[in-house]
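Undergrad:
Protein chains: 4
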Amino acid sequence: MKKIRIGLVGATGYGGRELLRLLAAHPGVEVAALASTSAAGEHISEVLPAFRGIYDLAFEPFDAAALAQSCDAVFVGVPGKASMEPVAALRAAGATVLDIGPDFRLKDPAAFRQYYGVDHTAAHLLAESVYGLVPQYRDAIRNAKLVAVPGCYPISILIPLIPLLDAPVDWSVPPVIDSISGISGAGRTPSEAYHFPEMNENLKAYQVGGHQHIPEIEQELQGRTRVQFTPHVAPITRGILTTITLRVQKPFDPAPWYGQWQNEPFVRVLGSGILPEIKYVRASNFCDFGWVMDPRTGNLVIVSAIDNLMGGTAGMAVQCLNVMFGLDERTGIWFGGMAP
Amino acid sequence: MKKIRIGLVGATGYGGRELLRLLAAHPGVEVAALASTSAAGEHISEVLPAFRGIYDLAFEPFDAAALAQSCDAVFVGVPGKASMEPVAALRAAGATVLDIGPDFRLKDPAAFRQYYGVDHTAAHLLAESVYGLVPQYRDAIRNAKLVAVPGCYPISILIPLIPLLDAPVDWSVPPVIDSISGISGAGRTPSEAYHFPEMNENLKAYQVGGHQHIPEIEQELQGRTRVQFTPHVAPITRGILTTITLRVQKPFDPAPWYGQWQNEPFVRVLGSGILPEIKYVRASNFCDFGWVMDPRTGNLVIVSAIDNLMGGTAGMAVQCLNVMFGLDERTGIWFGGMAP
Amino acid sequence: MKKIRIGLVGATGYGGRELLRLLAAHPGVEVAALASTSAAGEHISEVLPAFRGIYDLAFEPFDAAALAQSCDAVFVGVPGKASMEPVAALRAAGATVLDIGPDFRLKDPAAFRQYYGVDHTAAHLLAESVYGLVPQYRDAIRNAKLVAVPGCYPISILIPLIPLLDAPVDWSVPPVIDSISGISGAGRTPSEAYHFPEMNENLKAYQVGGHQHIPEIEQELQGRTRVQFTPHVAPITRGILTTITLRVQKPFDPAPWYGQWQNEPFVRVLGSGILPEIKYVRASNFCDFGWVMDPRTGNLVIVSAIDNLMGGTAGMAVQCLNVMFGLDERTGIWFGGMAP
Amino acid sequence: MKKIRIGLVGATGYGGRELLRLLAAHPGVEVAALASTSAAGEHISEVLPAFRGIYDLAFEPFDAAALAQSCDAVFVGVPGKASMEPVAALRAAGATVLDIGPDFRLKDPAAFRQYYGVDHTAAHLLAESVYGLVPQYRDAIRNAKLVAVPGCYPISILIPLIPLLDAPVDWSVPPVIDSISGISGAGRTPSEAYHFPEMNENLKAYQVGGHQHIPEIEQELQGRTRVQFTPHVAPITRGILTTITLRVQKPFDPAPWYGQWQNEPFVRVLGSGILPEIKYVRASNFCDFGWVMDPRTGNLVIVSAIDNLMGGTAGMAVQCLNVMFGLDERTGIWFGGMAP
């Protein structure tokens, strides 16, 4: 079988590294080109010693036309706000693009400006961009030329919430969503906040009420509710645990509503009273979730878990790729959780 | 100055060890006796090598009369449900007791039975027991003979919530309280769940809607509301970070309400938009908290932080002791956070 | 291609779990049977939630004849001293066996008795057992019916030391080998020593001068030297970092001696002054090592790194399997280090 | 009692913070002035929120004369090579100085130049500088005007080695010293190497054969031997575990040699076969060590443990201060290990 030729732009960030890790063992692809601004000219084994012996490639400066010509699909893994331009150039050159950053997720450029603080310079592509949440948009992804891979927090939130949109939930009360993320979600740039002695043995909340994933979550909940989203960080490398508290109109059994996901290979609906743990999804593409209906308070509490770098980014991106190129969706990402 | 003679019952658990750590450097006390069921007959330097050279004491079997006679105050640090009997015996022998376990916190024996699963065998002492939350009950503690040191989660929740009981909060909607605790809160008994390779790099929620601290919290909120309390664990040793989401009747400034705590030596009200971190309270007796009023959702989000073993247990217990014996409350516990 | 049918005995231990994780994505194998004493009768998704949805298998009691008949190869992953009997039964039934425990590594039953404290009950199999260090014994492994997968510490030690046996090293001075291991190496059984709050933020050495891997190391160094082996543990889940200090007859360049490994897919010789890190081999099958020749002291200091569960156990076992069944050695284990 | 007035120069680094933590609860001192280049003009509660409410002080620019006048003793906690000038200025102004950095530890300016890469600009003070290893130099410290607090690694190495200088050790073979340090030892400046996701779950060796503590160690071993010192880092915040392998002329009992330390309050000689752990010295001023004599190899293996920030830096500095001002040496630092 002819292998899908893959290009990566921004391959030295954490999302890009995870893509490189997964693609090395993916039987249907070949990594053909790596582009990086910071590492152009250097060999991968110097910049990313983890891949010494796996890839014999050097990083090149970004060249949209060359990538479009040499690659069947290009992953873009640059920081937020920095993918608008290269993605536009790649699309103009005819490339099929999967962007793992946030720039093409929001349909409304005003929301982008509000939460990201800049104007969108490629708003003409927002219409063709497909939100790459495979369970929800599989058919559209199949024919997409531009996929915006969802954010890590949103994946952990939307998978358990979307099926409940028509359930007897009181959506007039904003769901309270408290997520806890590993530090890889903050990216590879060193900072005082995430210097090891500062973050080890530490916990904190941040961006309360103002995180840039809020409009993405509310968009995919079809504007049915506002969400009270409070992200936290814990001293682990990978993983997001999300606890969602919903007010219900009356106690009900959520299980039937989740029948919608019953054939999803990477969604594991654990059931009532069975709660997920990061370890069971670590280094996997799964989203696990369970719940407790609490009649004492009139709330439904749902807890979900993903690996932010794999199920929350690179694994979901590869699943999109598999869908787009007609492969078994599980190819290259069919791993159970790495526990321990 | 004559030193206060202290006895410890159950000194090998994590709460007891933290008491031993603090009391060694406390200028106003002398540890006179250690009782332990599991370690009776052994020298402290064998059982707790951290204290080799600090204490020259052996563990003795529990003897209420002897402790009452030789000690001015006795700390009891045995697991939940196991302190009812020794505390009753100590009180019967005339001892002044500070119980760091949960047995004498709930005023209602029915709530105790419901959440702890057993009948209270010393319910006659519940009336004289004083809930040892110093900022709230300082005067009662001063004259108490039996102090029930509050639970760790409740301390992190009550300090920021009690002053708001008459604020324009919509208490008809149960506050959503998502706490994250370090693993020392689970005690010293090994288990598969907290075996290092199982818990390292892991996160999970547990006892959703059914944690035994719920009745304690609701009692101290004067029955004004039910709470949706979801405890989580993260792979750190010490610390509790609590995020509380309240629905408000209308946006308001919480700062004036917290004037109530302005002279509290161990409560640090950080203010709007300033959020606490575990590292700033680690190995300290402080409770730090800040908040964000979110007009977009109509919620007030409060985040608090304590060290569960010190500010959440042993430090609060020493603060009670200082109050009871007329010492400066800060004696022996006047430490900033250990960061790093 | 017909898939190799695999049986696992003792699949709930950490080595067995890692085998299950790797075999799920291995394109040439099918896991046909799981045997477990502790979990017999239970479904894998209850016992090992990480594999929910990946495997639809229940654990069965151990039955050597059934395994021999239904499987092309059987991995045995039970604790030390517990594999002698099942391996003997499996071999008697004609099965091809890969034992990831220590029971069939030592050629000398007296050494086994000395270091493991029991008599070997299947010493008749020691002659046919092949030590599964692929780079050293590839040809013998190809035809083996019983492979003893090497210990994790020995792999990290032997890969850098074997090529130097004839180099100008002063072997009369025992090499000083200080290894640091993650806690998964201690297995899945909870203990006070590895209870999270006891081991987190901790470091210690153990079994100084008496670790059971010493005879295995010295055997594979052909009895040319005794080793001073001091294992340490650090609060990480996976990984072994080994620092070896050798006295040299005179300073020399080790690089040419390592030409012996130049075609090894999973040995990465980093060179002089380039030192390995756990993160670059985590969740990979690589053994990385580099060195510093220190003329000031007359020593050669070598540092190596492996993932104890993968490159140190299950990955090496799969590499053996690939060799035995004529597959590309890299099949199913061709991953770079998981960093982060 | 009149309190000793203390100044701190460079109080925002990790050593300085630990001094601030200890001095807050030290009954014999008062922190009178804080100088910092990076934080001049800011209040301590903004820069170091851990000390909010504890200290009501602002950072000032460095002014040697003012500090000399207002303080009885000045701690200097700036990075290596940066203390030469301020210490010289302070001494010229008549201040009593305790430098926790390396600049005044080496008696030989040539060694300083070799290992630190710059000329010593205050070499005239090297003669008066006293190496602040209290157990070894107590009498000299008592009258010192300039104390160079020892390095963290050297403390963990010298305490167990100095008493053996005349024991039947073969000092012609360089001791092999493999130390493992927590990351706080690398200081507060963020870097890619110690960015949380890079260092968490990681282990590595560094500066093999060339660490700047080598000349300090060899100086204090009176030039009797060269040492093979290999430092490692592990993902913990605090602590150094040091493993020292010595060749012996013949097996002997080290215990009598350690009689030299029998009255040292902060040295705990554990004995043969009893090994230290970081947790037993964490947040304490103790140096614990034990050993194994291995007749099979002809080596003595010693393992020691300290908290690098307290017993390895700030605690030792306070012990020096106590000695210098005639206080009980244990004042303010009499803590057992913080376990957990």
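Chains as they are written, first to last, in my numbering: chain A, 45 to 384; chain B, 45 to 384; chain C, 45 to 384; chain D, 45 to 384. Even for Gly, the Cβ is constructed at its ideal location relative to N, Cα and C.
1. Using the DSSP secondary-structure output, state which residues sit across from residue 224 (chain D) in a beta bridge.
2. Give a yes or no on whether 8 Å exceeds the smallest Cβ distance from residue 240 (chain A) to chain D.
3. Is the number of C-beta pairs between the region 152 to 172 of chain C and the region 98 to 117 of chain C that are closer than 8 Å three or more?
4. In the region 126 to 141 of chain D, which residues sit with their C-beta less than 8 Å from some C-beta in chain B, listed in chain order?
5. Between the region 263 to 283 of chain A and the region 299 to 317 of chain B, do three or more beta carbon pairs fall short of 8 Å?
6. Run down chain A in chain order and give the residues with a C-beta less than 8 Å from the C-beta of residue 338 (chain B).
7. Tell me which residue opens and which closes the beta strand (DSSP E) that residue 75 (chain B) is part of.
8. Using a Cβ-Cβ distance under 8 Å, would residue 157 (chain B) count as near chain A?
9. Among the residues of its own chain, which have a CB less than 6 Å from the CB of residue 382 (chain C), if the five just before and after it don't count?
10. Assess, as a yes-or-no matter, whether the region 347 to 367 of chain C is touched by the region 73 to 87 of chain D under the definition of 3 or more beta carbon pairs within less than 8 Å.
11. Could one say the Cβ of residue 327 (chain A) lies closer than 8 Å to chain C's Cβ atoms, at least one of them?
12. Thinking C-alpha only, which one of C:359, C:363 and C:212 is nearest residue 301 (chain C)?
13. Can you list the residues of chain A that residue 217 (chain B) reaches, using a CB-CB cut of under 8 Å?
14. Using a C-beta to C-beta distance shorter than 7 Å, which residues of chain C count as neighbours of residue 227 (chain D)?
15. Residue 223 (chain C): which of C:316, C:284 and C:241 sits nearest, CA to CA?
16. Name the residue from A:194, A:105 and A:333 whose alpha carbon lies nearest to the alpha carbon of residue 298 (chain A).
17. Just tell me which of C:167, C:230 and C:268 has its CA closest to the CA of residue 214 (chain C).
18. Are the region 244 to 263 of chain B and the region 287 to 297 of chain B touching, with three or more C-beta to C-beta distances below 8 Å?
19. For residue 46 (chain A), which of A:84, A:204, A:369 and A:340 has the nearest alpha-carbon?
20. When you compare only the Cα positions, how much space is there between residue 244 (chain C) and residue 366 (chain C)?
21. If you draw a straight line from the C-alpha of residue 364 (chain B) to the C-alpha of residue 176 (chain B), how long is it?
22. To which residues of the same chain is residue 316 (chain D) closer than 8 Å at the C-beta, ignoring the five residues directly before and after it?
23. Quick check on residue 70 (chain C): does DSSP put it in helix, strand or coil?
24. Do residue 279 (chain D) and residue 48 (chain C) count as a contact pair if the criterion is CB distance below 8 Å?
25. Check the DSSP bridge columns for residue 316 (chain C) and list the partner residues they point to.
26. Can you pull the chain D residues whose beta carbon is under 7 Å from the beta carbon of residue 243 (chain A), in chain order?
27. What separation, rounded to the nearest whole angstrom, lies between the Cα atoms of residue 89 (chain D) and residue 186 (chain D)?
28. What in chain D is Cβ-close to residue 86 (chain A), meaning under 7 Å?
29. Any beta-carbon of chain C closer than 8 Å to the one on residue 80 (chain B)?
30. How many whole angstroms separate the CB atoms of residue 193 (chain B) and residue 225 (chain B), which I take to be in contact at a CB cut-off of 8 Å?
31. Kindly indicate the opening and closing residues of the beta strand (DSSP E) around residue 183 (chain C).
32. In whole angstroms, give me the CA-to-CA distance for residue 178 (chain C) and residue 62 (chain C).
33. At the 8 Å Cβ level, is residue 230 (chain C) part of the contact set with chain A, yes or no?
34. Does the beta-carbon distance from residue 117 (chain C) to residue 142 (chain C) come in below 8 Å?
35. Using the beta-carbon count (16 or more within 10 Å), is residue 135 (chain C) buried or exposed?
36. Which residues in chain C have a C-beta closer than 8 Å to the C-beta of residue 384 (chain B)? List them in chain order.
TA: Taking the definition as stated:
1. D:276 and D:285
2. yes
3. no
4. none
5. no
6. 252, 253 and 272
7. 73 to 79
8. no
9. 326 and 327
10. no
11. yes
12. C:212
13. 217 and 291
14. Residues of chain C passing the Cβ test: none, with the nearest at roughly 11 Å.
15. C:284
16. A:333
17. C:268
18. no
19. A:369
20. 37 Å
21. 6 Å
22. 297, 298, 299, 334, 335, 336 and 337
23. coil
24. no
25. C:335
26. 240
27. 34 Å
28. Under the 7 Å cutoff, chain D gives no residues; its nearest Cβ is about 15 Å from residue 86 (chain A).
29. no
30. Incorrect: roughly 17 Å between the Cβ atoms, too far for contact.
31. Residue 183 (chain C) -> not in any beta strand (DSSP E); alpha helix (DSSP H) instead, spanning 178 to 186.
32. 19 Å
33. no
34. yes
35. buried
36. What residue 384 (chain B) touches in chain C: nothing, since even the nearest Cβ is about 11 Å away.
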